[in-house]
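Protein sequences appear in the order of chains S and Y. Using the working numbering, read the first sequence as starting at 180 and increasing by one per residue. Using the working numbering, read the second sequence as starting at 239 and increasing by one per residue.
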Amino acid sequence: MEQNSTMLGKIIEVSCSIKSALKGKNFDVTLKPYLTVEEKRLAAAGDPCRCMKQYFTSNEDLKQMLESSKDSAKLDAMKRIVGMIAKGKNASELFPAVVKNVASKNIEIKKLVYVYLMRYAEEQQDLALLSISTFQRALKDPNQLIRASALRVLSSIRVPIIVPIMMLAIKEASSDLSPYVRKNAAHAIQKLYSLDPEQKEMLIEVIEKLLKDRSTLVAGSVVMAFEEVCPDRIDLIHKNYRKLCNLLVDVEEWGQVVIIHMLTRYARTQFLSPWKVDEVVDEYSESNFYESDEEQKEKDQKLKTIYTMDPDHRLLLRNTKPLLQSRNAAVVMAVAQLYWHLAPKSEAGIVSKSLVRLLRSNREVQYIVLQNIATMSIQRKGMFEPYLKSFYVRSTDPTMIKTLKLEIMTNLANEANISTLLREFQTYVKSQDKQFAAATIQAIGRCATNITEVTDTCLNGLVCLLSNRDEIVVAESVVVIKKLLQTQPAHHGEIIKHMAKLLDNITVPVARASILWLIGEYCERVPKIAPDVLRKTAKSFTNEDDLVKLQILNLGAKLYLTNSKQTKLLTQYVLNLGKYDQSYDIRDRTRFIRQLIVPNEKSGALSKYAKKIFLAQKPAPLLESPFKDRDHFQLGTLSHTLNSRATGYLELSDWPEVAPDPSVRNVDVAESAKEWTGIPGKPKKEKPTEKFYSESEEEEDDSASTSSSGSGSASESEKEDEDEGSTDESSGSSSPSEESTDSESDSKESAAKKRCRAVNESDSQDIKKKAEGISIKRSTSSSSDTEYTSSDECSSDSKSDSESGKSRNATSNKVSKKEEKPAQDRKTPKTQDMFLLDLDDFCPVTTPVAVPTAAVLSPSLAADLEGLSLSSSSVIDVTMQVSVPTKTHELLHRMSGKGLAAHYHFSRQPGIFGDRMVPVQVTVTNTTDQKIENIHIGEKKLPPGMRMHEFNPIECLEPGGSITATMGIDFCDSTQTASFQLCTKDDHFSVNIQPPVGELLLPVTMSEKDFKKEQGMLTGMNETSTTIAVAPQNSTRLVIIERVVKAANLGVVPSGQDNIHRFAAKTMHSGSLMLVTVELKESSTAQLIINTEKTVIGSVLLRELKPVLSQG
Amino acid sequence: MAERAARPGPGTAEVFVRAPGAGLAAAALRARGAGPTGAGPVGGRGLCGEPARGFAPPQPGLAAAMIHSLFLINASGDIFLEKHWKSVVSRSVCDYFFEAQERASEAENVPPVIPTPHHYLLSVYRHKIFFVAVIQSEVPPLFVIEFLHRVVDTFQDYFGVCSEVIIKDNVVVVYEVLEEMLDNGFPLATESNILKELIKPPTILRTVVNTITGSTNVGDQLPTGQLSVVPWRRTGVKYTNNEAYFDVIEEIDAIIDKSGSTITAEIQGVIDACVKLTGMPDLTLSFMNPRLLDDVSFHPCVRFKRWESERILSFIPPDGNFRLLSYHVSAQNLVAIPVYVKHNISFRDSSSLGRFEITVGPKQTMGKTVEGVMVTSQMPKSVLNMTLTPSQGTHVFDPVTKLLSWDVGKINPQKLPSLKGSVSLQAGTSKPDENPTINLQFKIQQLAISGLKVNRLDMYGEKYKPFKGIKYMTKAGKFQVRT
């Protein structure tokens, strides 16, 4: 404490001295108002110098504090150091003291040390190496967030010596199970690349791998890395193109921007131009805005006769469209530029509404958006014409916004709206913001040249402005009038005369010069005035601006040629003045003119043509928008904003003449077959985002297929599918354990998927279901279910026929299924047998009573599976359960239930209600002699987080009858009780279900190697173990497996050793791995080890498994 | 800081190699200033560009990060915070910014994008602070600008207000937040729900506790947010009172011309929500007349397809305050203008006195009172002073900025508020050619001027009954009356 108070004193001291320094500075400023920015900066920088001495002492203090044993002192020191860094003060000398704390247990200190390290490691490379081992250790941490942050800091230390370590860490992290770690790996790629570009090849390999990643978390970051490291390797994108398109909606907003920009470039190299057709069919018309999708489609149909858009091209356009509704301006702009550069001209119009919406945003956003609209509006007026009023200027807008709006209004001007616009312009001309008023006058000039109907009106208006009191306005008008007159000089003698009179009052050089030029050019039209003007200006020649002097010379020369009698002497006088002018430009010009117009022996032939040279017909200046040729830069880029190439700008290529082979984007078979098994360890993390939109994806997919049906890719995919089917099969049969069931499960899996799909299509109303989202459907294995799916399959066949490439897996499996059908029929009874073995006293009740409609599979999973390679990631697959526990629990006793009895048991059919729901089969029996009607679930009292999927109400239960319904409960990985009410028509009974911990698991299969690897990551705190006595009769392999699996829903891991048995599962809700090892020792004991992140569940499970093996 | 800042000035190439001591930057700068002013400070800066960075990345363009550095600059041109995500960019790069700032008459006119020889400066101006991002290569400018705005929003969310003082007071939190928001210049965590879990926002209580216990605001538990089911909602939210409030706020943007007729008028609306609900609630919000909404943009939590097909907002809300939806009411609907302004402002050529008279009255208010009326007007430069008497409220005329503001308060339809008096002009100047425009602010409670009505709000997925509240309000947006 005391230390703190002394510190406080010091701080006050320092701040006082800063204050005094600041005072001094202010004093300076008031004394010297002309102080340059530079000097101000120096003055500001003065204060740290003055108190430098104090810094040294306080730095000593800081060092002491960092050495202290108390965390609070260290923390205080670190806070102050971060404060120093933030102010841009040097704190590098503290490096040795700070770096010692990198391994601090205190997470707060650690974070601040990281901040410090990232800032100074580059400068203190040798010392920075001391910290590396800490990070290397943290990279192996079981907690993904620690792994991620270690990688983040390690890769941010810009020390070249550790490049190999970084490379290794990135490689490792790129196949991490956690998508968050993989995301950080993608970020690290760029960092390493900028540190050492020589690593490029290796990094590209990692990028290639990460591009195949299915996680929405990773997608944005890896594309970013791709753009940074190897933007030219477009070939890496092919296979991932469709996946990226489909994922796009779910990627976080920043990633969306990057991906959209990259896909824009990609599409320009891969697809044919959709514009050629447009030129033939029609120009963009306003009606397109309001055209419904149907009409659009019809139109597309029409176009198809000439041009067929690649379905992948269409896919991109369709999947980006919803993003126009994003709250993020950058995303909207990205989509807008994509449509501008890729969409058929008739469709680009849909972006304008959203762009106009952005104009409500902050000034900076407005600025960029308006610039882009300006460029667009030049080429396609129609896009923004309906929004003309949105560009009206408010007096409170900043000048740069005003001028941009004006620019756009001018671009949009046409015969129909010009009168409204001119009225609006009149208000602007009077604006207090003179810069803006001048811009308005130019705008009027441009309208006048572009729309011939109003030229005269504009000209008159401008002439009126000549009597304006403000000089800038008048000057600008003169300049614009000059340009206008040049375009149609025929009958404007009056105006020229008027302007000649103005010459006495106007002082702005440009305006004076313009008037003089006009009089000179049309001197024959104003023969009386012109010589007089020359006389006046000759008098004031010496006081004029250079610009004006040149025009006086010019006027003199022209008059000399046309009216030499009156003006010869005047001209010579002017030329003499010019000869001795200070400016060499003027002297040059004078000499040049004299040689041309005054004939002498030397001048020769040229002077004969002097009149032709001076009084030649001059082309009228074109009044053009400054945004005229900005469109050669990709819209929405920095280069476009600056109108010059920015570093690292990637040119948008022209459309190819002939489309490159579209089949490169087809994902090959082997890969997807592999992924099939490879996925389930990962998708856990993908779900969050997926679930929100997948229904939309689904619908889109359907429409995609309809629009693209008949195109080449569909048939192709069909072919592939057959291949895939066979590989599926073969891979299934080659798997070492559970041969029959494995291949079975594969095919069933797909069938189940399809079923969900069909169901989902027909019934998309269920809100609850949507909320729960779409989950990955795992294979179901109860015999009744098999029947159900296979029958359902026929009905959905017709539907799936129309599915296109995206739902490939579904289709493929259909194909394989057809072939397999006879075989499957044979297999089905076999599976049944297997179950009957276990279900000794429990009769399998048919489940379809309560139709499990909620199980829905995102079709995007099919796509999910594409583009993910198995090569290095571990295979952890959710399997079907091996055993179904026989035990039933009482839910409601018939006495307390007034004759209604209910039992429940855990059916272990995964995924019926989404993969987080534990399926529970409830059997209700009517023991009364009356019918019981409307049995349903009433009010639920669930602990927070817990959710429940109710069974469908049972309308009527006959006396003595019993019926089984299935419900799902998400227990949130806890053994908390789910209480709810079981209601009948007249009564309601409170009941509750408490799950045994073994039922909160979902079995997974994995190889022994993976098991060991995972186990290695889950050590320490995450491991619980105990020694148990094993009854002798229990020591055989089969018995152990049977008992363990019965007690808990675990998957068996094939084991190489006889005395070690391994089981794996993951928790239902969070998907954390749960690894169980039973190691038999001598003298009927065994070591039971459980590794899991969920330590609570782990220890409960341990307690429950203990008696299972020890009992006889 | 500026170690090894090589400055290739004409004749004064100074290299600072890791001189010890704290005030290095200052030393460098002082040395520059103290040297012979041969090159001249301005010329030196302008011509020779920024100093080459000490540990320069291999090639410019290769080492691109989206956002390299961030400088916070106050109104008087002091850099009061800097943060670098990659190697350090010297402060002197901001000189280009200061130059532009000087050139622009007002802070608002500083261009948001400024190119320098090696970098590009993208800035936003909010709360009298310039947030200047330094970038090195091509990047969509809106990406950076939008991000900077998000940074400001986050600060505001954290500290209530975003001002220089607050940022300086909370520099450690600010630094930690910035560290989390960007990784290598690429946005990492920008959802405030997630950020707040990583770094706890300071509260008065926590500040007191922290000073006693000496802890910081870093969340001591690692957040699960990044990996939670819903990326924008933190897990394990618990409240004793479960409440969900929705504010439907509509703003009228209008330009009214001299004669009182409407030139353009449109309604922009937002629905701001404050949701404090336990667990993972799933809400649906439906409207009586969703067809009114012409163009909408959503918070990422809203399920787009559901809106497309049913015009229902279905979402799992983030915890706390957020903007659910912004919308635009279709242009076909005529906008009811709730107030009118009668004005009579005239300057005479001959005398240096002008007349000024405005009256504000209600027009189409659907029987509601118009409150919080505030009239502001930027007077022409030649106006010296104004002698005015309001029938109600208070008025101020600032002779320096020439801004007249009149805080009217409520409009009583029986006795319309008016402001009358004379304007004295600078002697000798001619009368201004344009009358000043009048900007109007007002509020009408319990009314959405477009007629939008929320039908119902339902919650799924949780057991409790939340308290639900919906409030409507109409405000003036950019409401201008030309005179």
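Positions of the beta carbon are idealized from the N, C-alpha and C atoms, including for glycine.
Given residue i as reference, the closest of the options once Cα atoms are compared
{"i": "I685 of chain S", "options": "S:P710, S:V705, S:P706, S:T716", "result": "S:T716"}
{"i": "Y363 of chain Y", "options": "Y:W644, Y:N347, Y:S375", "result": "Y:N347"}
{"i": "E1112 of chain S", "options": "S:S505, S:S804, S:N1131", "result": "S:N1131"}
{"i": "G262 of chain S", "options": "Y:G707, Y:N408, Y:D395, Y:G507", "result": "Y:N408"}
{"i": "G1076 of chain S", "options": "S:I1219, S:H1167, S:K1119, S:G1117", "result": "S:H1167"}
{"i": "A553 of chain S", "options": "S:R542, S:S574, S:S531", "result": "S:S531"}
{"i": "L829 of chain S", "options": "S:V837, S:T816, S:A838, S:T820", "result": "S:T816"}
{"i": "P618 of chain Y", "options": "Y:L563, Y:T675, Y:I487, Y:S564", "result": "Y:T675"}
{"i": "I596 of chain Y", "options": "Y:S590, Y:F585, Y:M604, Y:Y578", "result": "Y:Y578"}
{"i": "R421 of chain S", "options": "S:R497, S:E432, S:T487, S:R361", "result": "S:R497"}
{"i": "H1068 of chain S", "options": "S:Y445, S:C1162, S:P1174", "result": "S:P1174"}
Collapsed DSSP secondary structure at residue i in the structure displayed
{"i": "V1255 of chain S", "result": "strand"}
{"i": "H1068 of chain S", "result": "strand"}
{"i": "I676 of chain Y", "result": "strand"}
{"i": "C400 of chain Y", "result": "coil"}
{"i": "M381 of chain S", "result": "helix"}
{"i": "N623 of chain Y", "result": "strand"}
{"i": "L1040 of chain S", "result": "Because the pLDDT at L1040 of chain S is just 40, under 50, the model does not fix this residue reliably, and the value given afterwards should be weighed accordingly. Residue state, collapsed to three classes: helix."}
{"i": "V646 of chain Y", "result": "strand"}
{"i": "V567 of chain Y", "result": "strand"}
{"i": "R694 of chain Y", "result": "strand"}
{"i": "K1285 of chain S", "result": "helix"}
{"i": "F1085 of chain S", "result": "strand"}
Contacts of residue i in chain Y (Cβ-Cβ under 8 Å)
{"i": "L1121 of chain S", "result": "K701"}
Beta-carbon neighbours of residue i, restricted to chain Y and to distances below 7 Å
{"i": "Q504 of chain S", "result": "V534, S535, F536, F542"}
{"i": "N507 of chain S", "result": "E384"}
{"i": "P501 of chain S", "result": "F542"}
{"i": "G1124 of chain S", "result": "G517, M518"}
Partner residues on chain S for residue i, Cβ-Cβ distance less than 9 Å
{"i": "Y413 of chain Y", "result": "V261, G262, I264, A265, L291, V294"}
Chain S contact residues for residue i, given Cβ-Cβ distances below 7 Å
{"i": "R720 of chain Y", "result": "T606"}
{"i": "Q374 of chain Y", "result": "T826"}
Neighbour list for residue i in chain S, Cβ cutoff strictly below 8 Å
{"i": "K716 of chain Y", "result": "R573, T575"}
{"i": "I501 of chain Y", "result": "K568, Y571, E603"}
Using a Cβ cut-off of 7 Å, which residues of the segment 561-593 of chain S contact any Cβ in chain Y, in chain order?
-> So the list reads K568, Y571, R573, S574, T575, P577, T578, M579, given in the order they occur along the chain.
In the segment 331-394 of chain S, which residue ranges form an unbroken alpha helix (DSSP H) of at least 4 residues, counting only runs that do not cross its ends?
-> 342-353, 358-374, 379-390
Mind listing which residues of the segment 551-567 of chain Y have their C-beta closer than 8 Å to chain S's C-betas, in chain order?
-> S552, I554, R561, S564, H566
Interface positions of the segment 311-328 of chain Y facing chain S (Cβ-Cβ less than 9 Å), listed along the chain = S314, G315, D316, I317, F318, L319, E320, K321, H322, W323, K324, S325, V326
Give the residues from the segment 631-654 of chain Y that approach chain S closer than 8 Å (Cβ to any Cβ), ordered along the chain.
-> none
At 4 residues or longer, and completely inside the segment 384-445 of chain S: list those alpha helix (DSSP H) runs for me, N to C.
-> 395-408, 414-417, 420-426
Please name the residues in the segment 813-830 of chain S whose beta-carbon is closer than 8 Å to at least one beta-carbon of chain Y, in chain order.
-> Result list: G815, T816, L817, S818, T820, L821, S823, A825, T826, G827, Y828, L829.
What residues in the segment 598-625 of chain S have a beta carbon less than 7 Å from any beta carbon of chain Y?
-> T606, K609, S610, Q611
Start-end ranges of the alpha helix (DSSP H) lying completely within the segment 491-569 of chain Y, minimum 4 residues = 542-548
Considering only residues of the segment 1131-1199 of chain S, which uninterrupted beta strand (DSSP E) runs meet the minimum length of 3 residues and lie entirely inside it, listed in chain order?
-> 1133-1136, 1141-1149, 1157-1162, 1167-1172, 1180-1185
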